[in-house]
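One structure is given here, and the rest of the page talks about it.
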Amino acid sequence: MPQKLFDLAEQEGIIVRWWDFIPPVRGLYWAPKDLPPVIGLDNSLQYDHRTLRCVLAEELGHHFTASVNRTFCSYRDRIWFSREELRAHRWVALYLNRRSS
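End of the sequence shown sits at 100 in numbering that gives the first Met the number 0; the numbers just go up one at a time, nothing left out.
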């Protein structure tokens, strides 16, 4: 288990929960206003620690880089979402690179 990532989530006050997601979804980050943020992880990840590390790190990346939660309404929203994903992926790459050095 990627315990350091779970510890980081706990330090940030993020609730981590396990769910049965419909593939290809493996994780999600949700930060409602006035409530603690939540990371949902697919139950199948409990048996695949390498993938769990990647998915959990990406969802933490959303926590550290996301500006707001949104729903798709237009093409502009889809572009915004792609940029949010890119920011999260960059955070993950930097975080995991520092940990492996």
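We put the CB at the ideal spot given by N, CA and C, even for glycine.
Subject >> VAL91 versus LYS32: straight-line alpha-carbon distance, rounded >> reply: As a position in the sequence shown, residue 91 is number 92, starting the count at 1. As a position in the sequence shown, residue 32 is number 33, starting the count at 1. C-alpha separation (whole angstroms): 24 Å.
**OP:** Using alpha carbons as the reference points, say which of PRO1, PRO22, TYR28 lies closest to ILE14.
**Re:** Along the sequence shown, read from residue 1 onward, the residue named residue 14 stands at position 15. Here the closest residue by C-alpha is TYR28.
Original post:
Counting only beta-carbon atoms, is TRP18 nearer than 8 Å to chain D?
Top reply: Of the protein chains in the structure, only one exists, and it is not chain D.
Original post:
The beta strand (DSSP E) spanning ASP41 covers which residue range?
Top reply: As a working mapping, residue 41 is identified with position 42 in the sequence shown. From DSSP, the beta strand (DSSP E) with ASP41 extends over 37-41.
Subject >> Proximity winner among LEU40, PRO35, PHE5, LEU34, relative to TRP18 (alpha-carbon distances) >> reply: Taking the sequence shown and counting its residues from 1, one reaches residue 18 at position 19. Of the candidates LEU40, PRO35, PHE5, LEU34, the residue whose Cα lies closest to the Cα of TRP18 is LEU40.
Original post:
So, are the CB atoms of LEU85 and ARG52 less than 8 Å apart?
Top reply: Locating residue 85 in the sequence shown gives position 86, where the first residue counts as 1. Locating residue 52 in the sequence shown gives position 53, where the first residue counts as 1. Not closer than 8 Å, so no.
Original post:
Would DSSP call VAL54 helix, strand or coil?
Top reply: Taking the first residue of the sequence shown as position 1, residue 54 is located at position 55. It is helical.
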